[in-house]
Amino acid sequence: MNAKTNPITPAGYAALKARYDHLLGTERPEIVEIVSWAAGNGDRSENGDYIYGRKRMREIDRELGHISRRMKAARVVEPSQQPDKSKAFFGATVTLADEDDAEKTVTIVGDDEQDAGTGRIGWSSPLARALRGASVGDLRTVRLPSGEKEWEIVAIRYD
0 MNAKTNPITP AGYAALKARY DHLLGTERPE IVEIVSWAAG NGDRSENGDY
50 IYGRKRMREI DRELGHISRR MKAARVVEPS QQPDKSKAFF GATVTLADED
100 DAEKTVTIVG DDEQDAGTGR IGWSSPLARA LRGASVGDLR TVRLPSGEKE
150 WEIVAIRYD
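By numbering that gives the first Met the number 0, the letter at position 69 of the sequence shown is numbered 68, and the numbering carries on one by one without gaps.
Encoded structure:
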């Protein structure tokens, strides 16, 4: 799997689809109704509901386009189906230790489902790129904005 593909877990794809369906089926029709009502009230130049509604509709349409492109480019990958579970690839949960033996656990997921706060790092992030193909015991150096940091792979698992 090369870096230009858009791998995503089944749960991540379902979340993207749910967001798309919510925007298209719920939010956009509500805004269209508000804009239609506001347009019928006359002067549109000072009509806050109309101006805000049109702005929000453009935001929704832009997000729908973005999500649609991401879904078309997505390649759903089931992490548990990885053929070589001894190496870190897409979907791996990797436990790392730095020079001070401080441990950190991260899961490599698609870029559309990353959440650093919960330890889910995007496939194309610097740390994920450094971890690709690593085995337990390997040392990997990651270039961060604060400088280089070396991590040792302590454990790899696929949930």
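Idealized CB from N, CA, C, for every residue including glycine.
In angstroms with no decimal places, state the Cα-to-Cα distance between residue 1 and residue 58. Mapped onto the sequence shown, residue 1 falls at position 2. Mapped onto the sequence shown, residue 58 falls at position 59. Reliability fails at residue 1, whose pLDDT of 45 lies under 50, so the model's placement of it is uncertain and the value that follows must be treated cautiously. If I take the Cα positions, the gap works out to 32 Å.
Three-state secondary structure assigned by DSSP to residue 6: Here residue 6 refers to the residue found at position 7 when the sequence shown is read from its first residue. Note: residue 6 maps to strand in three-state DSSP.
Should residue 146 go down as buried or exposed, given a rule of 16 or more other Cβ atoms within 10 Å for buried? Position 147 of the sequence shown, counted from the first residue, corresponds to residue 146. By the neighbour-count rule (16 or more Cβ atoms within 10 Å), residue 146 is not buried but exposed.
Report the three-state DSSP secondary structure of residue 1 (helix, strand or coil). The sequence position of residue 1 within the sequence shown is 2, counting from 1. At residue 1, the pLDDT of 45 sits below 50, so the modelled position is not reliable and the matter cannot be decided from this model.
Where in the segment 47–91 do unbroken runs of the alpha helix (DSSP H), each at least 4 residues long, occur, reported from the N-terminal end onward? 47–72
Of the residues 30, 148, 76, 93, the one placed nearest residue 48, counting alpha carbons only: For this step, residue 48 is matched to residue 49 along the sequence shown. When each option's Cα is compared against that of residue 48, the closest is 30.
So, with DSSP's three-state summary, where would you put residue 142? By 1-based counting over the sequence shown, the position of residue 142 is 143. In this structure, residue 142 counts as strand in the three-state DSSP scheme.
Going by other Cβ atoms of all chains shown within 10 Å of its Cβ, with 16 needed for buried, is residue 116 buried or exposed? One-based indexing of the sequence shown puts residue 116 at position 117. By the 10 Å Cβ count, residue 116 comes out exposed.
State the Cα-Cα distance for the pair residue 19 and residue 109, rounded to the nearest angstrom. One-based indexing of the sequence shown puts residue 19 at position 20. One-based indexing of the sequence shown puts residue 109 at position 110. Cα-Cα distance, rounded: 17 Å.
Which first and last residues belong to the beta strand (DSSP E) in which residue 34 is found? As a working note, residue 34 is residue 35 in the sequence shown. Element bounds for residue 34: not the beta strand (DSSP E) but the alpha helix (DSSP H), 27–38.
How would you call residue 139, buried or exposed, if buried means at least 16 neighbouring beta carbons within 10 angstroms? For the purposes of this step, residue 139 is taken as residue 140 along the sequence shown, with counting starting at 1. With 16 or more other Cβ atoms within 10 Å, it is buried.
Secondary structure of residue 134, DSSP reduced to three states: Within the sequence shown, the letter at position 135 stands for residue 134. Strand at residue 134.
C-alpha distance - residue 76 paired with residue 56, whole-angstrom precision: Along the sequence shown, read from residue 1 onward, the residue named residue 76 stands at position 77. Along the sequence shown, read from residue 1 onward, the residue named residue 56 stands at position 57. Using only the alpha carbons, I get a separation of about 33 Å.
At the level of alpha carbons, what is the spacing between residue 136 and residue 113? Here residue 136 refers to the residue found at position 137 of the sequence shown. Here residue 113 refers to the residue found at position 114 of the sequence shown. Their backbone Cα atoms lie some 25 Å apart in a straight line.
Report yes if the C-beta distance between residue 93 and residue 143 is below 8 Å; otherwise report no. To locate residue 93, count along the sequence shown from 1; it is residue 94. To locate residue 143, count along the sequence shown from 1; it is residue 144. No.
Spatial neighbours of residue 16 within its chain, please: C-beta separation below 8 Å, excluding the five flanking residues on both sides. Here residue 16 corresponds to residue number 17 of the sequence shown, with the count starting at 1. Excluding positions up to five away in sequence, the list reads 70.
7 Å CB neighbourhood of residue 37 in its chain, flanking five on each side removed: Your numbering for residue 37 matches position 38 in the sequence shown. Within the same chain, residue 37 has close Cβ partners 46, 48, 49, 52.
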